[in-house]
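Each residue of the sequence shown is one higher than the one before, starting from 3 at the first, in my numbering. Everything below concerns the one structure shown next.
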Amino acid sequence: MTSRIYNNEHQYGGLSRFYHWTMAILFIGMMACGLIMVTLDNGTVRDATYMLHKTVGITILLLGIFRLVWIRHSKTPKPDESLETWEKLLAKWGHRVLYIVLLGMPISGLGMVYFFGNVIEYIVPLNEVGEPSFPTVLVFAYLHKFILPPAVYIVVTLHIIGVIKHVIVDKKPETLTRMIGKIER
Ligand code: HEM
Ligand code: HEM
């Protein structure tokens, strides 16, 4: 039972797989949600979308922190043996950058709202913040709106292209199957 939950040398366990696919869907959905909501006119739909965006965003942050804790208990599987050395390095650094954007997007979003003096909403409005700080809002807003999104587009696209290359071009499906749970060794 536990072996199904924990990673082993060759394969991601149930919890890491569940985490990866849930986060991937939520994260891509949140990028779309953010890009759409900033174009909406003021009104109830806009307010509800902002509330949803903040709630799901904070959930992603909590899941991301949980994931970092989980890594200490369940070590990451070794890189797929069929990969070249440069591919292993690229995958390792790609995963690190993915973690940076995965945590960086919600942290910068929270920072932006907090220092703007807005209400922090998580399912329900939580609290209004004391001293708003405009220069600090600018830093977080720059990160959330202009610096991190291009990094997301590049690293997520490379991540997906990498997986497609291994499965279709190199005909080595292990890279994908170890994240969907087919290999048992
Ligand atoms: C994984 C988590 C998140 C992702 C992927 C994400 C993504 C985005 C994107 C792509 C935009 C549109 C930026 C633009 O083109 O102007 C946006 C806007 C925004 N996000 Fe997030 N976000 C996340 C988490 C959060 C969190 C946790 C908060 C606050 C608690 C937040 C608050 C906002 C706000 C207030 C805006 C609108 C800014 C404006 O009106 O100009 N986001 N987000
Ligand atoms: C449909 C899109 C996606 C596919 C097909 C996909 C596929 C995969 C696969 C097959 C692996 C295992 C690679 C290996 O270690 O051998 C992996 C790992 C990983 N992926 Fe994705 N992925 C997708 C989207 C995302 C997104 C959107 C993120 C985060 C923003 C992400 C973050 C990660 C991370 C951090 C790892 C390293 C393993 C871990 O610590 O969980 N992936 N992905």
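From the three backbone atoms N, C-alpha and C, an ideal C-beta is built for every residue, glycine too. Keep in mind that this is a model prediction, so the values were computed, not measured.
Would Ile27 and Gly15 be called neighbours here (beta carbons separated by less than 9 Å)? At least 9 Å separates the beta-carbon of Ile27 from that of Gly15.
Got a sec? Which residues, its chain only, sit under 8 Å from Leu17 by beta carbon, not counting five neighbours each side? Counting only Cβ-Cβ distances below 8 Å, and skipping sequence neighbours, we find Ile7, Tyr8, Trp72, Ser76.
Does the beta-carbon of Ala93 have 16 or more other beta-carbons within 10 angstroms, so that it is buried, or is it exposed? buried
DSSP state of Tyr124, grouped into three classes? strand
DSSP state of Met84, grouped into three classes? As written in the sequence, residue 84 is Ser, which differs from the Met given in the question. Coil.
Any non-hydrogen atom of ligand 2 closer than 8 Å to Pro81 Cβ: yes
Could you compute how far the alpha carbon of Ile102 sits from the alpha carbon of Tyr52? 23 Å
Do the CB positions of Met181 and His146 come within less than 9 Å of each other? no
Could you compute how far the alpha carbon of Asp43 sits from the alpha carbon of Leu37? 13 Å
Ile125: which of Thr57, Asn10, Arg48, His12 sits nearest, CA to CA? Thr57
Is it the case that the Cβ atoms of Leu112 and Ile60 are separated by a distance below 9 Å? Cβ distance < 9 Å, so Leu112 and Ile60 count as in contact.
Can you have a look at Pro108 and say buried or exposed, based on whether 16 or more other CB atoms are within 10 angstroms of its CB? Its Cβ being crowded by 16 or more others within 10 Å, Pro108 is buried.
For Tyr21, the nearest candidate out of Gly45, Leu54, Ile62, Glu11 (CA to CA): Ile62
Less than 8 Å separating the Cβ of Met114 from some heavy atom of ligand 1? yes
On the DSSP letters alone, give me the boundaries of the alpha helix (DSSP H) that Lys56 sits inside. It spans 46–75 - the alpha helix (DSSP H) in which Lys56 sits, taken as one unbroken run.
Can you list, in chain order, the residues of its chain with a C-beta nearer than 6 Å to that of Leu168? Leave out the 5 residues immediately preceding and following it. Sequence inspection shows His at residue 168; the Leu mentioned does not correspond to that position. Once the five neighbours on either side are set aside, the close Cβ partners of His168 are Lys174, Thr177.
Between the CA atoms of Ile149 and Ala34 - distance to the nearest angstrom: 16 Å
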